[in-house]
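K.L.:
Next up is a structure, given as structure tokens.
Protein chains: 2
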Amino acid sequence: MNEKDLLEELIKVSEEDSSLTPKQAKILQAAIETFAEKGYASTSTSEIANKAGVAEGTIFRHYKTKKDLLLSIVSPVVTKFAIPFFADRFVQDVFENKTNESYEELLRTLLMNRFEFVNRNTTLLRILLQEVSLHKEIQELFQKNFLEKVYPKFVEVIEEYQNKGEISKDIRVDTAIRLMMTTLIGFIITRFIIMPDVEWDDEYEIEQTITFIRKGLR
Amino acid sequence: MNEKDLLEELIKVSEEDSSLTPKQAKILQAAIETFAEKGYASTSTSEIANKAGVAEGTIFRHYKTKKDLLLSIVSPVVTKFAIPFFADRFVQDVFENKTNESYEELLRTLLMNRFEFVNRNTTLLRILLQEVSLHKEIQELFQKNFLEKVYPKFVEVIEEYQNKGEISKDIRVDTAIRLMMTTLIGFIITRFIIMPDVEWDDEYEIEQTITFIRKGLR
DNA sequence: ATTAAAAGTGAGTACTCACTCACTTAAAAG
DNA sequence: CTTTTAAGTGAGTGAGTACTCACTTTTAAT
Numbered sequence: 000m001n002e003k004d005l006l007e008e009l010i011k012v013s014e015e016d017s018s019l020t021p022k023q024a025k026i027l028q029a030a031i032e033t034f035a036e037k038g039y040a041s042t043s044t045s046e047i048a049n050k051a052g053v054a055e056g057t058i059f060r061h062y063k064t065k066k067d068l069l070l071s072i073v074s075p076v077v078t079k080f081a082i083p084f085f086a087d088r089f090v091q092d093v094f095e096n097k098t099n100e101s102y103e104e105l106l107r108t109l110l111m112n113r114f115e116f117v118n119r120n121t122t123l124l125r126i127l128l129q130e131v132s133l134h135k136e137i138q139e140l141f142q143k144n145f146l147e148k149v150y151p152k153f154v155e156v157i158e159e160y161q162n163k164g165e166i167s168k169d170i171r172v173d174t175a176i177r178l179m180m181t182t183l184i185g186f187i188i189t190r191f192i193i194m195p196d197v198e199w200d201d202e203y204e205i206e207q208t209i210t211f212i213r214k215g216l217r
Numbered sequence: 000m001n002e003k004d005l006l007e008e009l010i011k012v013s014e015e016d017s018s019l020t021p022k023q024a025k026i027l028q029a030a031i032e033t034f035a036e037k038g039y040a041s042t043s044t045s046e047i048a049n050k051a052g053v054a055e056g057t058i059f060r061h062y063k064t065k066k067d068l069l070l071s072i073v074s075p076v077v078t079k080f081a082i083p084f085f086a087d088r089f090v091q092d093v094f095e096n097k098t099n100e101s102y103e104e105l106l107r108t109l110l111m112n113r114f115e116f117v118n119r120n121t122t123l124l125r126i127l128l129q130e131v132s133l134h135k136e137i138q139e140l141f142q143k144n145f146l147e148k149v150y151p152k153f154v155e156v157i158e159e160y161q162n163k164g165e166i167s168k169d170i171r172v173d174t175a176i177r178l179m180m181t182t183l184i185g186f187i188i189t190r191f192i193i194m195p196d197v198e199w200d201d202e203y204e205i206e207q208t209i210t211f212i213r214k215g216l217r
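Heads up: the sequence lines are chains P and G, in that order.
For the first sequence, numbering that gives the first Met the number 0 assigns the number 0 to the initial residue and increments by one for each residue that follows.
For the second sequence, numbering that gives the first Met the number 0 assigns the number 0 to the initial residue and increments by one for each residue that follows.
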């Protein structure tokens, strides 16, 4: 049901201009399902072809290698996960001092934003987490996006709210970023990857997580 | 250099009574190195045999299947990571109300204890993290150890310190455990797996992490 | 010294792997 | 309608793959 959602999202994302053929979409869908279930290395191209209802050669018409197929799935997830961290209008306003809102609102927006993203793309995140440690191409993508897009913005935020007195000046900026991010990401991974089957009171957990960070850094 | 440490630790652990032959130790060492580097599925038994200086058949003399070899490496890590969470004497004292120390000391002991363990066994943790999502045998081991060994102890701790007024009673016990654990584990994984190459002021980071949790849950 | 059990070997087995290529079919361009 | 380009096919290929087994060597027990 939400399989379609994520595929649509990927289709939109992975090929900026050119659109995919129906068979190519089928290949992506089959690859995503199988990679998530058995891992990249244990998935054979013949299995993907079978599941997609396509000849094996068709895969290699569109993707030079099997690894190419993996990267075409995983790369847009990395960038999409990093970039919109700060694409939200409210967040941009905060950065440009257009609001006097406390950073509680910033945290909430940030967390809910990424929460929804992962909720819609759990399968893709699972593949990403499984493969990131084995493929340096993915690691480099991660590093590039983090260093260029996410990290500098976080430094701004922390420093600004240190000046406003909402974050303690006793804590180093890098340490504050680390604590904030591991709490946010730790929550999302626990919620969707480690324990997706238990019943979650999402609203409550989100609020408690925000409070935890606020009080922890104060 | 610390490769020997971890192997020795594993040897002690993996075979409770019987000792390993030299060749079997070589096999384990080679398997650990290669699994960590390329992942379990992309490592061939012939490669392990080569690196260990052993005939391929020797591997299967000691381990029924390749997966058996993986589990013999990973299983003791799971239990060793979970059990001594509370094996430390001080921590036991705390549980049995033999001390009036604040839970700041509990947190510090807990964190430093696990910090040192992972420091000595980073390679093994890397393999564990890589493979846990693909092998339900490992997942079950995890779940069993967590539910039986770690979780109940954590419930005790949280409730006790809620009564002592060091942890807010407004927060659900499960939520407090989640926030505490993701912060601790998030730090350790960031420190040793994600960013092992940057220079860390470990003492500082440990203290800040403890302060963060304390203030966050208060 | 003899026997029995365990450890070690490496060629062999049946099978799977990612990838190729000569070819057919469909779509787009002129 | 004709030509060009792209999409799709599937049998074929050589290089592995995990694992077996008949055999040799080493160790331990009597």
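Where a beta carbon is used, it is the ideal one built from N, C-alpha and C, also for glycine.
#1: Report the three-state DSSP secondary structure of V73 (chain G) (helix, strand or coil).
#2: Report yes if the C-beta distance between A48 (chain G) and T122 (chain G) is below 8 Å; otherwise report no.
#3: Would Q161 (chain G) count as contacting chain P if we go by Cβ distances under 8 Å?
#4: Compute the Euclidean distance between the alpha carbons of Y39 (chain G) and T182 (chain G), then round it to the nearest angstrom.
#5: Return the Cβ separation of E103 (chain P) and I209 (chain P) in integer angstroms, given the expectation that the two are a contact with Cβ distance under 8 Å.
#6: Under 8 Å between the Cβ atoms of F116 (chain G) and V131 (chain G)?
#7: Between L216 (chain G) and chain P, is any beta-carbon pair separated by less than 8 Å?
#8: Please work out which residues of its chain come closer than 7 Å, Cβ to Cβ, to E157 (chain G), disregarding the five sequence neighbours upstream and downstream, and give them in chain order.
#9: Can you list, in chain order, the residues of the region 123-154 of chain G whose Cβ is nearer than 8 Å to any Cβ on chain P?
#10: What's the C-alpha gap between R213 (chain P) and K22 (chain G)?
#11: Let me know if E2 (chain P) comes out buried or exposed under the rule of 16 or more other beta-carbons within 10 Å of its beta-carbon.
#12: With distances taken Cα to Cα, identify the nearest neighbour of F191 (chain P) among P:R119, P:K63, P:S101.
#13: Anyone know if the C-beta pair for A81 (chain G) and V149 (chain G) falls short of 8 Å?
#14: What first and last residue would you give for the alpha helix (DSSP H) that runs through S45 (chain P)?
#15: Please decide whether A51 (chain P) counts as near chain G, where near means a Cβ-Cβ distance under 8 Å.
#16: Say whether chain G places a C-beta atom closer than 8 Å to the C-beta of L178 (chain P).
#17: Count the other C-beta atoms from every protein chain shown that fall within 10 angstroms of the C-beta of K25 (chain P), then say buried if there are 16 or more, exposed otherwise.
#18: Taking the alpha-carbon of Y62 (chain P) as reference, which of P:R125, P:H134, P:A30 has the nearest alpha-carbon?
#19: Can you find a C-beta in chain G that's less than 8 Å from the C-beta of D65 (chain P)?
#20: Would you mind giving the Cβ-Cβ distance between G215 (chain P) and F114 (chain G), rounded to the nearest angstrom? I have them listed as a contact below 8 Å.
#21: Contact defined as beta carbons within less than 8 Å: I believe V73 (chain G) pairs with I126 (chain G). What is the distance between those atoms, to the nearest angstrom?
#22: Less than 8 Å between CB atoms is the rule here; does T182 (chain G) satisfy it with respect to chain P?
#23: Using the beta-carbon count (16 or more within 10 Å), is E204 (chain G) buried or exposed?
#24: Answer with yes or no whether the minimum CB distance from T174 (chain G) to chain P is below 8 Å.
#25: Can you name the start and end residues of the alpha helix (DSSP H) that I188 (chain P) belongs to?
#26: Check whether the Cβ of F186 (chain G) lies closer than 8 Å to any Cβ atom in chain P.
#27: If I measure Cβ to Cβ from L68 (chain P) and keep anything under 6 Å in the same chain, skipping five residues before and after, which residues do I get?
#28: Let me know the secondary structure DSSP gives H134 (chain P) once reduced to three states.
#29: Please report whether the beta-carbon of F114 (chain P) lies at a distance below 8 Å from any beta-carbon of chain G.
P.N.:
To lay it out plainly:
#1: helix
#2: no
#3: no
#4: 28 Å
#5: 6 Å
#6: no
#7: yes
#8: One detail in the question is off: residue 157 (chain G) reads as Ile in this sequence, not Glu. Cβ within range, chain order: I166, V172, A175, I176.
#9: R125, L128, Q129, S132, L133
#10: 54 Å
#11: Residue confidence for E2 (chain P) is low, a pLDDT of 46 falling below 50, so the modelled location carries little weight; the figure read from the coordinates is stated next. Exposed, because fewer than 16 other Cβ atoms sit within 10 Å of the Cβ of E2 (chain P).
#12: P:R119
#13: yes
#14: 44-51
#15: no
#16: yes
#17: buried
#18: P:A30
#19: Per the sequence presented here, residue 65 (chain P) reads as Lys, with Asp not at that position. No, K65 (chain P) lies away from the interface with chain G (no Cβ there is under 8 Å from its Cβ).
#20: In fact, because the Cβ distance is near 19 Å, the residues do not count as touching under 8 Å.
#21: 6 Å
#22: yes
#23: buried
#24: yes
#25: 172-188
#26: yes
#27: A30, Y62
#28: coil
#29: no
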